[in-house]
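Remarks on the structure that follows.
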Amino acid sequence: MASAQVAVVASGDNYVAFALVGLGAKVTSIDISEQQLDVARERAAELRLEMNSHRADAADLAGVADASSDLVVSSNGFFVWISEPRAVFDAVFRILRLGGHYEFYHVHPFTRPWEGPVHRCR
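Quick note: the sequence shown uses this note's numbering, first residue 197, plus one each step.
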């Protein structure tokens, strides 16, 4: 993870972004909410974490360079709020470098993931 370029898309509370910075990644926190990014910047400063931030919609990731990330991560089950999931996948794959990975987890508000089987994509 050391020095990997990581984009955290729909970064929300930024716990994932902060954890990745702690592992040595060079992280860009991306969210549609400037207020959310402001809170993340303040918290990162308090924790003395170096992290970039960028405001963009997950459906296009405007302003994020093509092939700029080794890893893209999404958490918080944000897909429930996305009207065009395919657009998110297209944008994510645009910013991934060749051989990069997209890791996400999705929990719908009406599910209880701790009660059922775990499914993994390979």
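The C-beta atom is built at its ideal place from N, Cα and C for all residues, glycine as well.
All values derive from a computational prediction rather than experimental measurement.
Express the C-alpha separation of residue j and residue i in angstroms, rounding to a whole number.
{"i": "leucine 216", "j": "methionine 247", "result": "10 Å"}
{"i": "glycine 220", "j": "glutamine 231", "result": "26 Å"}
{"i": "aspartate 197", "j": "glutamate 280", "result": "The question names aspartate, but residue 197 in the sequence shown is methionine. Methionine 197 and glutamate 280: Cα-Cα distance of roughly 30 Å."}
Per the DSSP calculation, residue i is bridged to which residue(s)?
{"i": "isoleucine 226", "result": "Val205 and His250"}
{"i": "valine 268", "result": "Ala203 and Tyr298"}
Helix, strand or coil for residue i? Go by DSSP, reduced to three states.
{"i": "leucine 219", "result": "coil"}
{"i": "arginine 244", "result": "coil"}
{"i": "leucine 292", "result": "strand"}
{"i": "leucine 257", "result": "coil"}
Would you mind working out which of the options sits nearest residue i, comparing C-alpha positions?
{"i": "lysine 222", "options": "Glu242, Ser229 and Ser264", "result": "Ser264"}
{"i": "alanine 174", "options": "Arg244, Val284, Ala241 and Leu245", "result": "Any property of residue 174 remains undetermined from this structure, which presents the chain solely from 197 to 318."}
{"i": "phenylalanine 381", "options": "Tyr298, Ala200 and Arg239", "result": "Past the boundaries of the shown model lies residue 381; the chain is included only from 197 to 318, so the question cannot be answered."}
_the region 284 to 304 / the region 253 to 273 touching (three or more Cβ pairs under 8 Å)_ = At 8 Å Cβ cutoff, the stretches touch.
*Can at least three beta-carbon pairs, one atom from the region 199 to 208 and one from the region 247 to 266, be found at a separation below 8 Å?*
Judged by Cβ distances under 8 Å, the region 199 to 208 makes contact with the region 247 to 266, as three or more pairs qualify.
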